[in-house]
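Asker: Mind looking over this structure? Questions follow.
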Amino acid sequence: MKYSFTHPLPKSIISHQTKIWIFYIAISVGIIYGYGVYLDYQIKTIKSHAQLSNTQIDGQDESISALNNTLNKMRTEIKLEAQNLAHNKDLSDALIKIFDLVPNQITINFMRLDENSLMLKGTTPTREAYSFLLEAPLRAVFDTTRADFYALPNGWFNFTSISKNQSNLGAR
Amino acid sequence: MRDFIESIDWSKNIVFLLLYAGILVACASLYLLPVMDSYKSAVTELRKTDILKTQLDSAISALKAEQEAFLSENAEVFTKLQKSPDKSEITKYANKYLKDIKIAESTAESTESNITIRTFKISGKSQNLGKIKDLTANISTLQNSAKIAFPLTIRKEKNTLFVEISVEVYSKKESAQNTQSENLMSKE
Numbered sequence: 075m076k077y078s079f080t081h082p083l084p085k086s087i088i089s090h091q092t093k094i095w096i097f098y099i100a101i102s103v104g105i106i107y108g109y110g111v112y113l114d115y116q117i118k119t120i121k122s123h124a125q126l127s128n129t130q131i132d133g134q135d136e137s138i139s140a141l142n143n144t145l146n147k148m149r150t151e152i153k154l155e156a157q158n159l160a161h162n163k164d165l166s167d168a169l170i171k172i173f174d175l176v177p178n179q180i181t182i183n184f185m186r187l188d189e190n191s192l193m194l195k196g197t198t199p200t201r202e203a204y205s206f207l208l209e210a211p212l213r214a215v216f217d218t219t220r221a222d223f224y225a226l227p228n229g230w231f232n233f234t235s236i237s238k239n240q241s242n243l244g245a246r
Numbered sequence: 021m022r023d024f025i026e027s028i029d030w031s032k033n034i035v036f037l038l039l040y041a042g043i044l045v046a047c048a049s050l051y052l053l054p055v056m057d058s059y060k061s062a063v064t065e066l067r068k069t070d071i072l073k074t075q076l077d078s079a080i081s082a083l084k085a086e087q088e089a090f091l092s093e094n095a096e097v098f099t100k101l102q103k104s105p106d107k108s109e110i111t112k113y114a115n116k117y118l119k120d121i122k123i124a125e126s127t128a129e130s131t132e133s134n135i136t137i138r139t140f141k142i143s144g145k146s147q148n149l150g151k152i153k154d155l156t157a158n159i160s161t162l163q164n165s166a167k168i169a170f171p172l173t174i175r176k177e178k179n180t181l182f183v184e185i186s187v188e189v190y191s192k193k194e195s196a197q198n199t200q201s202e203n204l205m206s207k208e
């Protein structure tokens, strides 16, 4: 037996409007969470890229250090060769200067050239000839010059001269 | 429509709106903002790393260019240093200027920069000073890096000059030579 012409509607505990709100809240939270997960994924990718780059940077640092070492060695070698060339030229020039210093009146029988000194042994007709013709030019080149004389039976003198410098001969 | 509008419970909806806004603000501040901060810092770090990498790349290129320039400009120097001292070559050189020569290798020492210095003592006779001058002046024509060492002794007996001279020959050690050879070869 019916008391109403209308059919009964199903009544939910949660109202229709509440469902709509819950739906939008869930969607919004889902979107925020999804975006967060996407960002997390991006962060991981970026960090792995950065780690790879850091490894490459370490390799680059080693390469730079190796290249710098090689360059320093090369610079040292170039400098060494330049020093050798300069030394050879200085020595050659010094030798020429010494040969030019010796006058015709004086005979040199022995010469020893060291880095800072020159030893000459020879004969001179007089002490004065040595003093004016050889000692004076030697004094112009060397800081100190000292000579010892030994008289010979023919009236000439054997001499031993030692000249010293504070700096290298080539520098003069 | 009118029924629908009348059926809306405005007080309830306002509460829901406030709840919705609160949830959004809470999610953003407690979860999304920290993640975004992490993302920003990661991106900044990556950019810095990339900039550093680029700078290092350009530094390496500059150093390589400098090395190549050194190698090409000073190829003769490096070739000389790579060669081991050859006694026969030194003998040949000394023979040009002196007679009855004797060559003895006196010492060998190493420097910190992987260079070995071998000293050869040359003695011989000469008829004139010009030859001795040439002997010292042309030492750089040797195929090795060479330096005339002290002392230099000249002794005159009758009309013959007896000369004693030392020559230091510089060469790289084996391992260093190999590296240099590789550099030269890679350049070629």
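Top to bottom, those sequences are chains Y and H.
All letters in the first sequence, in the order written, are residues 75 to 246 by the working numbering.
All letters in the second sequence, in the order written, are residues 21 to 208 by the working numbering.
Yeah, the Cβ is synthetic: ideal placement off N, Cα and C, and Gly gets one too.
Using 9 Å as the threshold, is the C-beta distance between Lys116 of chain H and Phe140 of chain H below it?
Answerer: Taking the second sequence and counting its residues from 1, the one referred to as residue 116 of chain H is at position 96. Taking the second sequence and counting its residues from 1, the one referred to as residue 140 of chain H is at position 120. The answer is no: Cβ separation not under 9 Å.
Asker: To the nearest whole angstrom, what separates the beta carbons of Leu159 of chain Y and Ser61 of chain H, a pair I think is in contact under 8 Å?
Answerer: In the first sequence, the residue the question calls residue 159 of chain Y occupies position 85. In the second sequence, the residue the question calls residue 61 of chain H occupies position 41. That pair is no contact at about 58 Å.
Asker: With 8 Å as the C-beta to C-beta threshold (strictly closer), list the residues of the stretch 58-87 of chain H near chain Y in chain order.
Answerer: Those would be Ser58, Tyr59, Ala62, Val63, Glu65, Leu66, Thr69, Asp70, Leu72, Lys73, Leu76, Asp77, Ala79, Ile80, Leu83, Lys84, Glu86 and Gln87, in chain order.
Asker: In terms of DSSP beta bridges, what is Ala225 of chain Y paired with?
Answerer: On the first sequence, position 151 is the one that residue 225 of chain Y refers to. DSSP, once it has assigned bridges, lists Y:Phe231 as partnering Ala225 of chain Y.
Asker: Identify each residue in the stretch 186-215 of chain Y for which the Cβ-Cβ distance to at least one residue of chain H is less than 7 Å, and report them in chain order.
Answerer: Cβ contacts with chain H: Arg186, Leu187, Asp188 and Glu189.
Asker: With a cut-off of 9 Å, does the C-beta of Ala128 of chain H fall near any C-beta of chain Y?
Answerer: Working through the second sequence from its first residue, we reach residue 128 of chain H at position 108. No, Ala128 of chain H lies away from the interface with chain Y (no Cβ there is under 9 Å from its Cβ).
Asker: Check whether the Cβ atoms of Leu207 of chain Y and Gln179 of chain Y sit closer than 9 Å, and answer yes or no.
Answerer: The residue given as residue 207 of chain Y occupies position 133 in the first sequence. The residue given as residue 179 of chain Y occupies position 105 in the first sequence. Yes, Cβ-Cβ distance for Leu207 of chain Y and Gln179 of chain Y is below 9 Å.
Asker: For the stretch 126-143 of chain Y, list every residue whose C-beta sits within 8 Å of some C-beta in chain H, in sequence order.
Answerer: Cβ contacts with chain H come from Ser127, Asn128, Gln130, Ile131, Gln134, Asp135, Ser137, Ile138, Leu141 and Asn142.
Asker: Flag this pair as touching only if the stretch 33-40 of chain H and the stretch 81-96 of chain Y have three or more C-beta atom pairs under 8 Å; answer yes or no.
Answerer: In short, these stretches touch, since the Cβ pair count reaches three.
Asker: So is Leu126 of chain Y buried or exposed if we call it buried at 16+ other beta carbons inside 10 Å?
Answerer: On the first sequence, residue 126 of chain Y is found 52 positions in, with the first residue counted as 1. Exposed: under 16 other Cβ atoms inside 10 Å.
Asker: Whole angstroms are fine: how far does the CA of Lys192 of chain H sit from the CA of Lys15 of chain H?
Answerer: No information on residue 15 of chain H is available, as it lies outside the stretch 21 to 208 that chain H covers here.
Asker: Could you give the uninterrupted runs of the alpha helix (DSSP H) lying entirely in the stretch 49-93 of chain H, keeping only those of 4 residues or more?
Answerer: The stretch 49-93 of chain H contains these whole alpha helix (DSSP H) runs: 53-93.
Asker: Does DSSP classify Asn115 of chain H as helix, strand or coil?
Answerer: Within the second sequence, the letter at position 95 stands for residue 115 of chain H. Correct three-state label for Asn115 of chain H: helix.
Asker: May I ask you to report which of helix, strand or coil DSSP gives Asn223 of chain H?
Answerer: One cannot answer for residue 223 of chain H here, as it falls past the ends of chain H, which runs 21 to 208.
Asker: Examine the Cβ distances between the stretch 155-170 of chain Y and the stretch 165-173 of chain H and report whether three or more of them are shorter than 8 Å.
Answerer: Flag = yes, the stretch 155-170 of chain Y and the stretch 165-173 of chain H touch.
Asker: Please list the residues of the stretch 147-175 of chain H that have a C-beta atom closer than 8 Å to any C-beta atom in chain Y, keeping them in chain order.
Answerer: Listed by position, the residues of the stretch 147-175 of chain H near chain Y (Cβ gap below 8 Å) are Leu149, Ile152, Lys153, Thr156, Ala157, Ile159, Ser160, Ser165, Ala166, Lys167, Ile168, Phe170, Pro171, Leu172, Thr173, Ile174 and Arg175.
Asker: What three-state label does DSSP hand Phe79 of chain Y in the structure shown?
Answerer: Indexing the first sequence from 1 puts residue 79 of chain Y at position 5. Coil, per DSSP.
Asker: How about Ile96 of chain Y: is its Cβ closer than 8 Å to a heavy atom in the ligand FMN?
Answerer: Although the ligand FMN was asked about, the structure shown includes no ligands whatsoever.
Asker: Cα separation between His81 of chain Y and Ala100 of chain Y?
Answerer: The residue labelled residue 81 of chain Y in the question sits at position 7 within the first sequence. The residue labelled residue 100 of chain Y in the question sits at position 26 within the first sequence. Straight-line Cα distance between these residues: approximately 33 Å.
Asker: Take the Cβ of Asn228 of chain Y as the centre, count every other Cβ of all protein chains shown within 10 Å, and call the residue buried at 16 or more, exposed below.
Answerer: Numbered from 1 along the first sequence, position 154 holds the residue referred to as residue 228 of chain Y. Answer is exposed; the Cβ neighbour count stays below 16.
Asker: Considering only DSSP beta bridges, list what Ile236 of chain Y is partnered with.
Answerer: Within the first sequence, residue 236 of chain Y is the residue found at index 162, counting from 1. Bridge partners of Ile236 of chain Y: Y:Met193 and Y:Arg220.
Asker: Check whether the Cβ atoms of Tyr59 of chain H and Ile117 of chain Y sit closer than 9 Å, and answer yes or no.
Answerer: On the second sequence, position 39 is the one that residue 59 of chain H refers to. On the first sequence, position 43 is the one that residue 117 of chain Y refers to. Result yes, Cβ atoms of Tyr59 of chain H and Ile117 of chain Y sit closer than 9 Å.
Asker: Please report how far the alpha carbon of Ser166 of chain Y lies from the alpha carbon of Arg149 of chain Y, in whole angstroms.
Answerer: Numbered from its first residue, the first sequence carries residue 166 of chain Y at position 92. Numbered from its first residue, the first sequence carries residue 149 of chain Y at position 75. If I take the Cα positions, the gap works out to 26 Å.
Asker: Quick one: using the 10 Å Cβ neighbour count with 16 as the cut-off for buried, is Tyr113 of chain H buried or exposed?
Answerer: Counting from one through the second sequence, the residue named residue 113 of chain H turns up at place 93. So Tyr113 of chain H ends up on the buried side.
Asker: With DSSP collapsed to three states, give me the class of Leu181 of chain H.
Answerer: Locating residue 181 of chain H in the second sequence gives position 161, where the first residue counts as 1. In this structure, Leu181 of chain H counts as strand in the three-state DSSP scheme.
Asker: Just to confirm before moving on: does the CB-CB distance between Lys145 of chain H and Phe182 of chain H stay below 9 Å?
Answerer: Here residue 145 of chain H refers to the residue found at position 125 when the second sequence is read from its first residue. Here residue 182 of chain H refers to the residue found at position 162 when the second sequence is read from its first residue. Yes; because the gap between Cβ atoms is below 9 Å, this pair is in contact.
Asker: At least one CB of chain H closer than 9 Å to the CB of Tyr109 of chain Y: is that the case?
Answerer: On the first sequence, residue 109 of chain Y is found 35 positions in, with the first residue counted as 1. With 9 Å as the cut-off, Tyr109 of chain Y counts as an interface residue toward chain H.
Asker: What is the DSSP secondary structure of Lys122 of chain H, counted as helix, strand or coil?
Answerer: As a first step, residue 122 of chain H is located in the second sequence; it is residue number 102 there, counting from the start. Three-state DSSP puts Lys122 of chain H in a strand.
Asker: In chain H, what lies closer than 9 Å to Ser102 of chain Y by C-beta?
Answerer: The residue labelled residue 102 of chain Y in the question sits at position 28 within the first sequence. Chain H residues near Ser102 of chain Y: Tyr40, Ile43, Leu44 and Cys47.
Asker: Report the residue from Y:Phe223, Y:Ala124, Y:Tyr77 and Y:Phe216 whose alpha carbon sits nearest the alpha carbon of Ile172 of chain Y.
Answerer: Residue numbering aside, residue 172 of chain Y sits at position 98 when the first sequence is read from its first letter. Here the closest residue by C-alpha is Y:Phe216.
Asker: Is the shortest distance between the beta-carbon of Lys122 of chain H and the beta-carbons of chain Y less than 9 Å?
Answerer: Working through the second sequence from its first residue, we reach residue 122 of chain H at position 102. So no, Lys122 of chain H is outside the interface.
Asker: Going straight from the alpha carbon of Arg175 of chain H to that of Ile110 of chain H, what length do you get?
Answerer: Numbered from 1 along the second sequence, position 155 holds the residue referred to as residue 175 of chain H. Numbered from 1 along the second sequence, position 90 holds the residue referred to as residue 110 of chain H. For Arg175 of chain H and Ile110 of chain H, the distance between alpha carbons rounds to 22 Å.
Asker: Expressed to the nearest angstrom, what Euclidean distance is found between the alpha-carbon atoms of Lys238 of chain Y and Leu226 of chain Y?
Answerer: Taking the first residue of the first sequence as position 1, residue 238 of chain Y is located at position 164. Taking the first residue of the first sequence as position 1, residue 226 of chain Y is located at position 152. Going from the Cα of Lys238 of chain Y to the Cα of Leu226 of chain Y covers about 27 Å.
Asker: For Pro199 of chain Y, which residues from the same chain have a beta carbon less than 7 Å from its beta carbon, with the 5 sequence-adjacent residues on both sides left out?
Answerer: The count along the first sequence starts at 1 and reaches residue 199 of chain Y at position 125. These residues qualify, in order along the chain: Gln179 and Trp230.
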